[in-house]
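Asks: My structure is below; once you've seen it, I'll send some questions.
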């Protein structure tokens, strides 16, 4: 789906150019779940915005769905296929009600009026907002607004959804609602790029990419990352409780064939 | 500094109360963790305890202590930075607290260092260009500079990376060690629960639990009933304790690991370990997929609100033209009565009407008074000021006319929102398309801008509250100085521009292209009642016009 080779990007700051992405090479397959993490300001958002066509790569090559992203025509075609859900749901609402907000994307795609209602109803039902279709957007909770943002992306029938720290402003209930919903979409074949700072969310991802100062430090599975890469210590992470206990059991000589990452893993062992 | 809250009540406007009968005692020098779901009243409670907002009922008393300053750091750093450099940002609060100039530099350097922003690197940098984590630390430095006896933090770790969050936790522990009373509102129980001397769990505006952390860890139902989940280590610890694999329930992850190290788990014989590794794929049903109420093509609204936006457009245009032609009092009074009737029947809350008109009323009164000034031969003299009755009458008529025009605009935008407004607008300006004007972009821009007026007002209120929290307690109830108003404008403008930028990104990535044809989800439908309403509009306009001719 996404193939980046030696990708570099910089932002202008007065006379200088500040490097934001440095020599990043990564390949993300169709329908894959990839978690992306790294300290504040390390270039995560710049990278995902480059994938979606909002930033133009300076050096290196980037192709998305087989399209070369250096061509402006291809970039606008990719925008629909890779949709972004941002941190702040307020900045993604164009309509006054959930019904109108979802309608906006469908209108732009020229969906006939007769078909519109059925499509909007279907999408709102999918994200569990049918009962709020006609309510003012401002009356929705943070979690509901993020679900609405996902609904608006779904209206464009994307092949991949990028959640850019989309749950960091939500309470635990709102956060787990969005995460579960993203997983359901992923199980249905949607590619998901999940940007997060949370260790528990990383531990539950099949593949993790770690960035620091514009570079890709790690790209691989969570067990190697948490148990043998040395990165958690280097980045001052406190790994999930299950991993900390797993390390202790390992030190105590337990024959762990699969190292625990989550509470469920630990439950299975004990 | 200890804090005692007694029977606090609070509500915004006429809505549901946000706080109901909240009574708390926070002993001096302790760390209190305040938790609860979004909307449980945590942030409001922090504001009341910081003395920034007055409760509707009940009292907040702070124990006599030195220093007696309370400082609140809000959740969103961008709503609490105002000046051009990091140094000035910290200095503002010191000046408000009357700290002599020669002492300020040392205090600024110490506060910045304490918050993890070395003075030499950061002092001259623009706060607006710092990263989110750095901005948050700056806000904490601003609070620390005035040596508060009580420090209140709202979601301090939200959005921070693990390293920054660790540094913040370290700082919080140091501050508690130095005797500062801390109240931290947070969803991040994993990081804070074990540090708390006291935990307050809020549920729907009331105190659900108030006490030490241990009982919450012994019985998870207390947290779960308030919509919260216990930390992962606590859940694991409980399971191990229940199975006798751990001697007692741990108080934090360190204790859990130490317990397991002291009493190693029996190593199982043979194999049979197959932990699942795929991401949790439990198909959890979403909260609601219940039968949807049918959203009609044009939303059904009571009374004349639900009229076709084109009728409202024509009404507004005709009404404005008629008003502009009025030169005497009688037709203007009749028009005022009609507008008042429309305002009363539009279903707009009184609070909203007042909020909109209050600033204009003051401004219009002032303009009216100025328009009546007469120096040479005044009819009435009031001190050095002389007024002419004729000029006052003329000015009064103009001001009233202007106010009525404004009311028509207010009525239109308040009763027509979202898609119907956009469709109506696009219809009204469609002829301009022939002149090469992108009517589609304009109607979208106007609709979205109107939608964001409440957002802008909300950000302004947050900025005002943040500025108020930096002022010394004696100045908190005073009026805003022109300098402070100027200080509010820069961050507000930056936020509005940032919002505009993010919104245009969202609009673009949803496939918007002004040059391509679009379909419409909501098609305007002209009904017989719209014809009747249009006739009524024409009749009213004609009558008023006739009245203004003969009067």
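Residue numbers (my numbering), protein chains in the order written: chain F, 107 to 376; chain Z, 779 to 1329.
Backbone N, C-alpha and C define an ideal beta-carbon position, used for all residues, glycine too.
1. Under the rule that 16 or more other beta-carbon atoms within 10 Å means buried, what is residue 938/Z, buried or exposed?
2. Identify every run of the alpha helix (DSSP H) within the segment 951–1028 of chain Z, keeping only runs that are complete inside it and at least 4 residues long; order them along the chain.
3. Give me, in chain order, the residues of the same chain whose beta-carbon lies closer than 7 Å to that of residue 789/Z; leave out the 5 immediate sequence neighbours on both sides.
4. Along the segment 1222–1237 of chain Z, what residues have a CB closer than 7 Å to any CB found in chain F?
5. Looking at the C-beta of residue 185/F, does it have a partner C-beta in chain Z at a distance below 9 Å?
6. Answer yes or no: does any C-beta atom of chain F fall closer than 9 Å to that of residue 732/Z?
7. Which word fits residue 1304/Z, buried or exposed, when buried means at least 16 other C-beta atoms lie within 10 angstroms of its C-beta?
8. State the Cα-Cα distance for the pair residue 894/Z and residue 884/Z, rounded to the nearest angstrom.
9. From the DSSP output, which residues share a beta bridge with residue 266/F?
10. Flag residue 1085/Z as yes if its beta-carbon sits less than 9 Å from any beta-carbon of chain F, otherwise no.
11. Taking only three categories from DSSP, how would you classify residue 782/Z?
12. From residue 108/F to residue 150/F, what does the alpha carbon distance come to, in whole angstroms?
13. Starting from residue 839/Z, follow the beta strand (DSSP E) in both directions and report where the run begins and ends.
14. Since residue 1303/Z is in the alpha helix (DSSP H), which residue starts that stretch and which ends it?
15. How far does the beta strand (DSSP E) with residue 324/F in it extend, from its first residue to its last?
16. Given 8 Å as the limit, is there contact between the segment 896–915 of chain Z and the segment 822–838 of chain Z, that is, 3 or more CB pairs closer than that?
17. Closest by CA to residue 929/Z, which one among 1171/Z, 810/Z, 1100/Z?
18. Thinking C-beta only, is residue 270/F closer than 9 Å to residue 184/F?
19. Using 9 Å as the limit for Cβ to Cβ distance, is residue 944/Z near chain F?
20. From the DSSP output, in three-state form, read off residue 129/F for me.
21. Any C-beta of chain F within less than 9 Å: which residues of the segment 1279–1299 of chain Z qualify?
22. Please name the residue, chosen from 243/F, 227/F, 337/F, that lies closest to residue 144/F on a Cα-to-Cα basis.
23. Based on the DSSP output, what are the partners of residue 1160/Z in its beta bridges?
24. So is residue 113/F buried or exposed if we call it buried at 16+ other beta carbons inside 10 Å?
25. Distance check for residue 1165/Z and residue 1153/Z, CA to CA, integer angstroms please.
26. Counting pairs of Cβ atoms below 8 Å between the segment 290–309 of chain F and the segment 329–347 of chain F, do you hit three or more?
27. If you follow the alpha helix (DSSP H) that residue 371/F is part of, which residue opens it and which one closes it?
28. Ignore the nearest five residues each way along the sequence and tell me which others in residue 922/Z's own chain have a CB closer than 7 Å to its CB.
29. With DSSP as the reference, identify every bridge partner of residue 117/F, one or two as the case may be.
30. Let me see if you follow: with CB-CB separation under 9 Å, is residue 1025/Z close to chain F or not?
31. Is it buried or exposed for residue 818/Z, if we count other Cβ within 10 angstroms and need 16 for buried?
32. Kindly indicate which residue of 208/F, 209/F, 160/F, 188/F has the alpha-carbon position closest to the one of residue 137/F.
Replies: A quick look at the data gives this:
1. Answer is buried; the Cβ neighbour count reaches 16.
2. 967–970, 992–996, 999–1002, 1010–1020
3. Closer than 7 Å at Cβ, skipping near neighbours: 795, 796, 834.
4. If the cut-off is 7 Å between Cβ atoms, the segment 1222–1237 of chain Z has 1226, 1229, 1232, 1233 near chain F.
5. yes
6. For chain Z, the structure presents residues 779 to 1329; residue 732/Z sits outside this window and is missing.
7. exposed
8. 15 Å
9. 188/F, 297/F
10. no
11. strand
12. One C-alpha to the other measures close to 15 Å.
13. 835–840
14. Residue 1303/Z -> no alpha helix (DSSP H), and no H or E assigned at all.
15. 321–326
16. Between the segment 896–915 of chain Z and the segment 822–838 of chain Z, the count of Cβ pairs shorter than 8 Å is below three; the stretches do not touch.
17. For residue 929/Z, the closest C-alpha among the options 1171/Z, 810/Z, 1100/Z is that of 810/Z.
18. no
19. yes
20. strand
21. 1279, 1280, 1281, 1283, 1284, 1285, 1286, 1287, 1288, 1289, 1290, 1291, 1294, 1295, 1296, 1297, 1298, 1299
22. 337/F
23. 1163/Z
24. It counts as buried.
25. Rounded to the nearest whole angstrom, the C-alpha separation of residue 1153/Z and residue 1165/Z is 8 Å.
26. yes
27. Per DSSP, the unbroken alpha helix (DSSP H) holding residue 371/F starts and ends at 369–375.
28. 889, 892, 893
29. 124/F
30. no
31. buried
32. 188/F
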